[in-house]
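Colleague:
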Amino acid sequence: MAILLHNLLARAPKLQDADAVTRLLKECDIVEDGVSHYAEEDLLADWRRPGFNLATDAKVIITSKGQLVGYAGVWHSQHGRIEMKARVHPDYRGRGIGTLLLRLAEVRARQYTKCAPPEVRVAVYNTVNSTNQAAKTLLEHEGYSPVGHF
1385 MAILLHNLLA RAPKLQDADA VTRLLKECDI VEDGVSHYAE EDLLADWRRP GFNLATDAKV
1445 IITSKGQLVG YAGVWHSQHG RIEMKARVHP DYRGRGIGTL LLRLAEVRAR QYTKCAPPEV
1505 RVAVYNTVNS TNQAAKTLLE HEGYSPVGHF
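Heads up, the numbering used here is the position in the sequence shown plus 1384, with the first residue counted as 1.
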């Protein structure tokens, strides 16, 4: 399924997008940390994690000119721990892309929570760099609360 935004497209990533997603994640790291050690192999390892389905567990945001400017992924383990990662290109922040990616990731996370046995407490985790105040504010506004800093 593709979602059309104003001059943007949200869709599931393809393996051919790995290089562009890696570049996006590296650019975000550099803006937030000043350096990035992220490699395409790190991304591919995430995409190969048990239970991860690239067609349903991730989304990318593409501009009308073909630039990949957003990425989100959702991973689950034993249906009790759900991890979400979302990143937006620094030049495209403040346009609602992060909010859209969070909503899309939450839809997938809710599908996983339905698979959990009734006695299992499900926890959703988002990792955000402490320098990315906009992402922290978005998550807090959406009801998330910080549980740790590292």
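All residues carry an ideal CB built from backbone N, CA and C; glycine is no exception.
All figures in this text were calculated on a predicted structure; none of them were measured in a lab.
In angstroms, rounded to a whole number, what distance separates the CA positions of residue 1391 and residue 1479?
Modeller: Going from the Cα of residue 1391 to the Cα of residue 1479 covers about 12 Å.
Colleague: Would you report the Cα separation of residue 1522 and residue 1483, rounded to the nearest angstrom?
Modeller: Approximately 7 Å between the Cα atoms of the pair.
Colleague: Let me check understanding here. Comparing Cα to Cα, which of 1518, 1514, 1532 and 1393 lies closest to residue 1448?
Modeller: Selected option, being the one with the closest Cα: 1393.
Colleague: Going along the chain, which unbroken runs of the beta strand (DSSP E) with 3 or more residues stay wholly within the segment 1476-1524?
Modeller: Taking only runs of at least 3 residues, the beta strand (DSSP E) segments lying wholly in the segment 1476-1524 are 1507-1510.
Colleague: Is there contact between the segment 1480-1500 and the segment 1457-1468, where contact requires at least three CB pairs shorter than 8 Å?
Modeller: Counting Cβ pairs under 8 Å, three or more are found: they touch.
Colleague: To which residues of the same chain is residue 1477 closer than 7 Å at the C-beta, ignoring the five residues directly before and after it?
Modeller: Taken in chain order, the residues that qualify are 1518.
Colleague: Which residue's Cα is closest to the Cα of residue 1408: 1488, 1472, 1529 and 1506?
Modeller: Considering only alpha carbons, the answer is 1472.
Colleague: Using a threshold of 8 Å, state whether the C-beta atoms of residue 1513 and residue 1416 are closer than that.
Modeller: Closer than 8 Å, so yes.
Colleague: Under 8 Å between the Cβ atoms of residue 1405 and residue 1458?
Modeller: No, these two residues do not count as a Cβ contact at 8 Å.
Colleague: Taking the DSSP output, what are the residues bridged to residue 1445?
Modeller: Paired residue(s): 1394 and 1454.
Colleague: According to the neighbour-count rule (16 or more other Cβ atoms, all chains shown, within 10 Å of its Cβ), is residue 1397 buried or exposed?
Modeller: That one is buried.
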